[in-house]
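S.K.: This structure is in structure tokens; I'll ask about it shortly.
Numbering (the numbering used here), first residue to last: 8 to 672.
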């Protein structure tokens, strides 16, 4: 109280000489005390607690980058790293993280995760489009300092970086130069871009390939490491590899995926023995040591960004040959650290060139190694990341609401009835999927909102023809559909994609589910009718067409299909009634003949068919237009029983015998 009183006096009235001396002495003492405290703080700095949140912690891609950069961040500064894997992590990835001193919270309850966020100084969120990621970010989360690291190129659907994500974060971090060149970053003001965005390579730990040295081998080896499927690779990878005309070439592919399909392609092209599929390989050093070229051609619409395996190959001195797609074109310097090609023919010729010019192969390999050592790797990345962590620590933790920029006020937002009543929003998951695509795929928004039937058909035709990535890939239609199975529009869109692939049985099921889940516009019944027709489920198709024609009675396409179906159904009824099979024989007996003449002839025909090797595929049609059905049945029963008793025939497996009237008329 006395000290406070003297300070107060000094502030409100002129300071007398003696009092001034006292104040100066006190001020000096306080400054010395503050110096001592600061000095002790520097001697024993407080660890900054970083909480990494990732949808799934696995050994590849973003999971490996997370573990590697956390390792070197902790080595280079006062940072303590913990990991939350929202989905179950792989045991190997957990072991890898724990071996480096990181605790892993694996697939924990939401409340546990929220507690982890409260305890952390900084939340480092590892993002790519995935329904689980978006669902988490929409939760009511505690105040935090949030850094979002984008592990995708971000410009091709479904892996889009939206303005909403930038606004939601305190700091938005691209994982490659290509990602940072995206308009979503470059359209920001210079001040915002400087204060809250940056680029740090998604990076691997080069200890994994440290000391790699080429080993002698007998074949010319072209390597590929990563996902072995056509959602990642160039669709003509096998064909353009098989076209490479050099002696004793071997293509070594490491990674899981749709290996069987690619093996079949290789066999069809007569080069099956040239392709070696090794599956997932953790010890890639042993592979890189025997590679001559790293052939890494990806899809044109790839969302590849920092590509850890490509960094590792370059660090190992293996010259890459790549296409200029996605982030890859900003990782390789053409004709300096590798070769960038523009066509399938150029790819094949580039590998041939490197075979015939070993001195060029060596030059590119040396440059690639030096470039990777200087630019790539988690040790370099941590040097860039740690200052960003320190910068974030200068800002207070903040609350945030998904979809509402923190510069705006809740008073400016539209209040919906669902907000007031707490009712779930209709087709909320489909709307979330649409928002995740930004403005890149307007056809989904049209499908969801338009009332113009021509616009709807055009938009949904485009949806049906979506790329493999948008339809079947990570963050695509089917993944959202699997995550939110009770959303009618997601079931509709998955049905369209499946139908375009010719998988009409699954498509019909999706359309039926869409209708039951409230997506019941008559056009969905039309899609169902077409899919059901393709799988010969005519009853379902006919029922669906009735729904269509009840809504639009004069719609000609439905009328034509129904007429065609009725004709098919009529024929089907006849086939089922007669028991027709693959081989159908017809006889026209003269029932007016005496039984002694007629029955032996009929018995001879029936015996010949019943002893035929293909009897199970045969049907005998017997015309009875000049005798009653009852008399004909009795006669045939008598003949058949006699044959069974006298000839010891087996008729359980055929043939089918049907009596038909009026056929001769």
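Where is the CB? At the ideal position from N, CA and C, for every residue including glycine.
Please read these numbers as outputs of a predicted model, since none were measured by experiment.
(1) For the segment 198-207 against the segment 61-73, do three or more pairs of beta-carbon atoms, one drawn from each stretch, fall closer than 8 Å, so that the two count as touching?
(2) For residue 110, does the three-state DSSP call read helix, strand or coil?
(3) Leaving out five residues before and five after residue 454 in sequence, what residues of the same chain have Cβ atoms less than 6 Å from its Cβ?
(4) Considering only C-alpha positions, which residue in the set 306, 278, 145 is nearest to residue 480?
(5) Within the continuous alpha helix (DSSP H) that includes residue 233, where are the two ends?
(6) Residues in the same chain with beta-carbon distance under 6 Å from residue 132, minus the five sequence neighbours each way, listed in chain order, please.
(7) Given a threshold of 16 other Cβ atoms within 10 Å of its Cβ, counted over all protein chains shown, does residue 25 qualify as buried or as exposed?
(8) Please determine, among 94, 103, 93, the residue with the shortest C-alpha to C-alpha distance to residue 74.
(9) Is the CB-CB distance between residue 594 and residue 612 below 8 Å?
(10) For residue 158, count the other beta carbons within 10 Å of its own beta carbon; 16 or more makes it buried, fewer makes it exposed. Which is it?
(11) What three-state label does DSSP hand residue 57 in the structure shown?
(12) So residue 555 and residue 529 are in contact, right, with Cβ under 8 Å, and what is the actual spacing, rounded?
(13) For residue 72 versus residue 315, is the C-beta spacing smaller than 8 Å?
(14) Span of the alpha helix (DSSP H) holding residue 363?
(15) Kindly identify the DSSP beta-bridge partner or partners of residue 178.
(16) Per the DSSP calculation, residue 405 is bridged to which residue(s)?
(17) Distance check for residue 282 and residue 326, CA to CA, integer angstroms please.
(18) Whole angstroms are fine: how far does the CA of residue 624 sit from the CA of residue 68?
(19) Measure the C-alpha to C-alpha separation of residue 198 and residue 521 and round it to an integer number of angstroms.
(20) Within its chain, find whatever has a CB closer than 8 Å to the CB of residue 273; leave out the 5 residues flanking it on each side and keep chain order.
(21) Residues in its own chain within less than 8 Å of residue 433 by CB, not counting five upstream and five downstream?
(22) Compare the Cα-Cα distances from residue 357 to each of 251, 399, 445 and report the closest residue.
(23) Let me make sure I understand the geometry here. Which of 451, 622, 259 has the alpha-carbon closest to that of residue 235?
(24) Quick check: the Cα distance between residue 533 and residue 508, rounded to an integer number of angstroms?
(25) Decide if residue 123 is buried, meaning its Cβ has at least 16 other Cβ atoms within 10 Å, or exposed.
(26) If you draw a straight line from the C-alpha of residue 497 to the C-alpha of residue 247, how long is it?
(27) So, is residue 262 buried or exposed, given that buried needs 16 or more other C-beta atoms within 10 angstroms?
(28) Applying the 10 Å Cβ sphere with the 16-neighbour rule, what's the burial state of residue 268?
(29) Which two residues bound the contiguous beta strand (DSSP E) that contains residue 222?
(30) Could you give the DSSP three-state label for residue 239: helix, strand or coil?
(31) To which residues of the same chain is residue 298 closer than 6 Å at the C-beta, ignoring the five residues directly before and after it?
(32) Counting C-beta neighbours from all protein chains within 10 Å, is the total for residue 166 16 or more, i.e. buried, or is it exposed?
(33) Residue 490 lies in the alpha helix (DSSP H); which residues open and close that run?
(34) Given a threshold of 16 other Cβ atoms within 10 Å of its Cβ, counted over all protein chains shown, does residue 180 qualify as buried or as exposed?
(35) Of the residues 130, 105, 114, which one's Cα is nearest the Cα of residue 58?
(36) Name the DSSP bridge partner or partners of residue 665?
M.R.: Let me lay it out:
(1) no
(2) Working through the chain shown from its first residue, we reach residue 110 at position 103. The answer is strand: DSSP assigns residue 110 an E or B state.
(3) On the chain shown, position 447 is the one that residue 454 refers to. Here the set comprises 466, 467.
(4) Residue mapping note: residue 480 aligns to position 473 of the chain shown, counting from 1. Nearest option by C-alpha distance: 306.
(5) Here residue 233 refers to the residue found at position 226 of the chain shown. Taken as a continuous stretch (DSSP letters only), residue 233 belongs to no alpha helix (DSSP H), as it is neither H nor E.
(6) Within the chain shown, the letter at position 125 stands for residue 132. Cβ within range, chain order: 60, 155.
(7) As a position in the chain shown, residue 25 is number 18, starting the count at 1. The predicted position of residue 25 is uncertain, since its pLDDT is 42 and thus under 50; a value taken from the coordinates is nonetheless stated next. By the neighbour-count rule (16 or more Cβ atoms within 10 Å), residue 25 is not buried but exposed.
(8) In the chain shown, residue 74 corresponds to position 67, counting from 1. Measuring from the Cα of residue 74, the nearest candidate turns out to be 103.
(9) Counting from one through the chain shown, the residue named residue 594 turns up at place 587. Counting from one through the chain shown, the residue named residue 612 turns up at place 605. Yes. Within cutoff.
(10) Mapped onto the chain shown, residue 158 falls at position 151. Per the 10 Å Cβ criterion, buried.
(11) On the chain shown, residue 57 is found 50 positions in, with the first residue counted as 1. Looking at residue 57 - three-state DSSP - the assignment turns out to be strand.
(12) Within the chain shown, residue 555 is the residue found at index 548, counting from 1. Within the chain shown, residue 529 is the residue found at index 522, counting from 1. Between residue 529 and residue 555 the Cβ distance is about 5 Å, and since that is below 8 Å, they are a contact.
(13) One-based indexing of the chain shown puts residue 72 at position 65. One-based indexing of the chain shown puts residue 315 at position 308. Yes. Within cutoff.
(14) Residue numbering aside, residue 363 sits at position 356 when the chain shown is read from its first letter. Where residue 363 is concerned, the enclosing alpha helix (DSSP H) stretches over 351-363.
(15) One-based indexing of the chain shown puts residue 178 at position 171. Paired residue(s): 154.
(16) Residue 405 sits at position 398 when you count from the first residue of the chain shown. 151.
(17) Counted from its first residue, the chain shown places residue 326 at position 319. Counted from its first residue, the chain shown places residue 282 at position 275. C-alpha separation (whole angstroms): 20 Å.
(18) Walking along the chain shown from the start, residue 68 turns up at place 61. Walking along the chain shown from the start, residue 624 turns up at place 617. Each residue's Cα considered, the two are about 56 Å apart.
(19) On the chain shown, residue 198 is found 191 positions in, with the first residue counted as 1. On the chain shown, residue 521 is found 514 positions in, with the first residue counted as 1. Residue 198 and residue 521: Cα-Cα distance of roughly 47 Å.
(20) One-based indexing of the chain shown puts residue 273 at position 266. The answer, listed in chain order, is 245, 249, 279, 281, 282.
(21) One-based indexing of the chain shown puts residue 433 at position 426. Counting only Cβ-Cβ distances below 8 Å, and skipping sequence neighbours, we find 525.
(22) Your numbering for residue 357 matches position 350 in the chain shown. Measuring from the Cα of residue 357, the nearest candidate turns out to be 251.
(23) Position 228 of the chain shown, counted from the first residue, corresponds to residue 235. For residue 235, the nearest C-alpha among the options comes from 259.
(24) Within the chain shown, the letter at position 526 stands for residue 533. Within the chain shown, the letter at position 501 stands for residue 508. Rounded to the nearest angstrom, the two C-alpha atoms are 18 Å apart.
(25) The sequence position of residue 123 within the chain shown is 116, counting from 1. Classification of residue 123: buried, given that the 10 Å Cβ count is 16 or more.
(26) Counted from its first residue, the chain shown places residue 497 at position 490. Counted from its first residue, the chain shown places residue 247 at position 240. Going by the C-alpha atoms only, they are around 36 Å apart.
(27) As a first step, residue 262 is located in the chain shown; it is residue number 255 there, counting from the start. Flag for residue 262 reads buried.
(28) Locating residue 268 in the chain shown gives position 261, counting from the first residue. Exposed.
(29) On the chain shown, residue 222 is found 215 positions in, with the first residue counted as 1. Residue 222 -> no beta strand (DSSP E), and no H or E assigned at all.
(30) On the chain shown, residue 239 is found 232 positions in, with the first residue counted as 1. Three-state result, residue 239: coil.
(31) Counted from its first residue, the chain shown places residue 298 at position 291. Closer than 6 Å at Cβ, skipping near neighbours: 228, 230, 325.
(32) The count along the chain shown starts at 1 and reaches residue 166 at position 159. It counts as buried.
(33) By one-based count along the chain shown, residue 490 stands at place 483. Residues 484-490.
(34) Position 173 of the chain shown, counted from the start, is the residue given in the question as residue 180. That one is buried.
(35) Numbered from its first residue, the chain shown carries residue 58 at position 51. Of the listed residues, the one whose Cα sits closest to residue 58 is 130.
(36) In the chain shown, the residue the question calls residue 665 occupies position 658. 628.
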